Every structure is written in structure tokens, then in C-alpha cells.
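*Asks:*
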Amino acid sequence: MLYDYHLHSQFSADSEMSLTEICETAINKGLTEIAITDHHDPDYKDPTIEFLLNKKAYLAEIRKLQQKYKGKLKIKKGIEIGLQLHILTECNNYLTDDFDFIIASFHTAEKADLYNGDFFRDYNQWEAYLNYLKTVLAVVKVYQNYNVIGHLDIIRRYGEFVSKPDLLTNKTAVELISEILKIIIQNDKGLEVNTSGYRIDQKNPLPSFSILKLYHELGGKILTIGSDSHQPEQIAHKFKFTISKLKEIGFTELTTFTNRQPNFHKI
Ligand SMILES: [Zn+2]
Ligand SMILES: [Zn+2]
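According to numbering that gives the first Met the number 0, the sequence shown is numbered sequentially starting from 0.
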């Protein structure tokens with residue numbers, strides 16, 4: 000049984016896949032369940048693109064497809080919400096009970112965009128990495144309306160650095176990540192394993208296997224897997240390899256969600 004829990008349709012500004020295309024590809028690739036997780040990033044700091052979701056149309060379209068593919072494919076109503084410290088109340092209010100699954104992601108830190116490089120302007124590499132982690136920590140300390148943290152070490156993807164070291168090679172980063180993971184675990188939240196990570200580091204998803212190992216050692220159990228696909232060929236990318244590595248670490252289950260409640264499946 001395979002589940003892809005991070006997929007972007009044309010309801011996201013950066014994807015052109017139709018929901019039907021996603022469903023057909025998922026079935027062809029042997030998936031039994033998917034969560035559509037389109038972007039909603041209020042106050043996104045790159046003015047050239049707007050990541051705001053038309054929630055009503057989006058949920059209506061997913062409900063239609065749930066009927067159409069009944070018995071063939073389970074389709075969950077998910078969302079990837081871009082969190083920032085100053086918009087947490089707005090995010091919380093946006094996430095009504097309509098969603099099965101919420102990914103909390105950080106595409107912005109300190110009101111500066113990661114993707115376009117603005118966030119890196121005044122920092123050297125490790126300053127940027129550590130300040131990003133401090134932002135994540137500050138948010139998880141006060142905010143709870145989500146199920147998993149998306150691509151926890153995404154900061155490694157951005158910034159024009161020659162090497163992209165694992166965050167756990169830095170002592171302060173180890174402390175920050177441990178604190179983040181402990182809070183997540185304590186609050187019954189989880190991590191996603193995002194296989195788009197192999198596009199920057201052929202050996203690791205986001206977060207890296209070393210961070211996933213630390214999560215396991217700290218008692219973390221809630222784990223979803225997602226490809227973060229924006230194109231059909233990316234759906235379920237490297238899932239089998241990733242799951243075998245997760246088993247090596249000691250994980251025995253993957254998680255899916257219904258009405259934001261976790262269901263555990265043996266792997
Ligand atoms: Zn993301
Ligand atoms: Zn995404």
C-alpha cells in the first residue's frame with residue numbers, strides 16, 4: 000500500500016497538473032491513497048507570485064473526484080500552509096474543519112523569502128540555517144493547528160552555497176532540531192518525509208535520514224511520505240527506496256489522516 004501525501008494541482012500557482020491527471024497517475028502507479036496539498040501562503044514575500052488558495056472551489060473539486068474514484072483511490076483534502084510568526088492567527092482561522100490533513104511548511108523566515116534568496120542576503124551559510132531553525136522553533140512553540148511539519152530542513156535547498164551540509168553536523172543546529180522535534184512529539188504532531196529532497200541530495204529526502212533517525216530516537220511515530228509533485232512523473236518518486244531506509248532506521252508504520260486524525264499502517 001502506497002500513499003502520496005504531498006501533491007500540488009493547478010490550484011497552486013506553481014503547478015499545472017489537473018486533479019484528474021493526479022488521480023489517474025496515482026492509480027497507474029499503484030497508489031491506494033493520496034492527499035492533495037495545495038499551497039496557501041498568506042503574506043508571501045515574493046511579489047511575483049501569489050500562493051493563495053481558492054478554498055471553496057478547491058474543496059468542491061476534490062469532493063467531486065472523491066465520488067468519481069470511489070473504490071479505486073482514496074483522495075484526502077489536504078493543504079500545505081506556509082507559516083510565519085506574524086500570521087499565525089490568520090492561518091489558524093483559515094483552516095476550518097474541511098481538511099483531512101494539514102502540512103505546516105516554512106517557505107519564508109523573518110519576513111523574507113527562501114526560494115528567491117532574499118532571506119540569505121545578510122547571512123553566511125550557517126547563520127542562515129540557524130536563524131531559519133529558530134523561526135521554526137518559535138512557531139512550533141505557540142502554534143498547533145497542523146498535522147506534520149513539511150520538509151523540515153528545506154533551508155538546505157536554497158542559498159547559493161557550494162556544499163549543502165547535513166544540519167546535524169552543527170552543534171547548535173542539533174540543539175534546535177532536537178527541541179523542535181521534542182515539541183512536535185509532545186503535541187502529537189509529526190514529520191513528513193518529502194522525496195523531492197533527492198533533487199538536491201541524491202541520498203536524502205527532506206528532512207535527511209539523520210534527522211529522521213533523531214526523530215525516531217526521540218520517540219517520534221507520526222510520519223507521512225510525500226513527493227511534493229508539481230508534475231505527473233514526480234508522483235511517488237523513490238517511495239520504495241525511502242520506505243526501506245525508514246525501516247532500517249526502525250520505523251514500522253506510516254501515517255495517513257482522516258479529519259486530521261492519524262491512521263497507522265504497517266510498512
Ligand atoms: Zn513546500
Ligand atoms: Zn509543496
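Heads up, the beta-carbon is just placed ideally off N, CA and C, and yes, glycines get one too. Just so you know, these numbers come straight off a predicted model, no measurement behind them.
With hydrogens ignored, establish whether the beta-carbon of Thr223 is closer than 8 Å to any heavy atom of ligand 2.
*Replies:* No; taking the cut-off as 8 Å, the Cβ of Thr223 has no heavy atom of ligand 2 nearer than that.
*Asks:* With respect to the alpha helix (DSSP H) encompassing Asn91, which residues constitute its N-terminal and C-terminal limits?
*Replies:* Unbroken alpha helix (DSSP H) run through Asn91: 87 to 93.
*Asks:* Quick check on Asp301: does DSSP put it in helix, strand or coil?
*Replies:* Since the displayed the chain opens at 0 and closes at 266, residue 301 lies outside it and no answer follows.
*Asks:* Does the distance from the CB of Lys265 to the CB of Thr251 come in under 9 Å?
*Replies:* Contact: yes.
*Asks:* How many Å lie between Gly189 and Leu245 at the Cα?
*Replies:* Cα to Cα, the separation comes out at about 15 Å.
*Asks:* Please specify which runs of the alpha helix (DSSP H), each continuous and at least 4 residues long, are wholly inside the region 11 to 63, giving them in chain order.
*Replies:* Runs of the alpha helix (DSSP H) inside the region 11 to 63: 18 to 27.
*Asks:* Assuming contact is defined by CB atoms lying nearer than 9 Å, are Ile179 and Leu132 in contact in what I supplied?
*Replies:* Against a cut-off of 9 Å, the Cβ pair of Leu132 and Ile179 comes out as a contact.
*Asks:* When we look at the beta-carbon of Lys55 and count the other beta-carbons within 10 Å, is it buried (16 or more) or exposed?
*Replies:* Lys55 comes out exposed.
*Asks:* Excluding sequence positions up to five away, which residues of its chain have a Cβ less than 8 Å from the Cβ of Ala127?
*Replies:* Within the same chain, Ala127 has close Cβ partners Phe118, Phe119, Ile154, Gly158.
*Asks:* For Asn146 and Val161, I'd like the C-alpha separation in whole angstroms.
*Replies:* Cα-Cα distance, rounded: 34 Å.
*Asks:* Taking Cβ positions, are Ile234 and Leu18 nearer each other than 9 Å?
*Replies:* No, these two residues do not count as a Cβ contact at 9 Å.
*Asks:* Can you give the Cα-Cα distance for Lys69 and Asp37, rounded to whole angstroms?
*Replies:* For Lys69 and Asp37, the distance between alpha carbons rounds to 21 Å.
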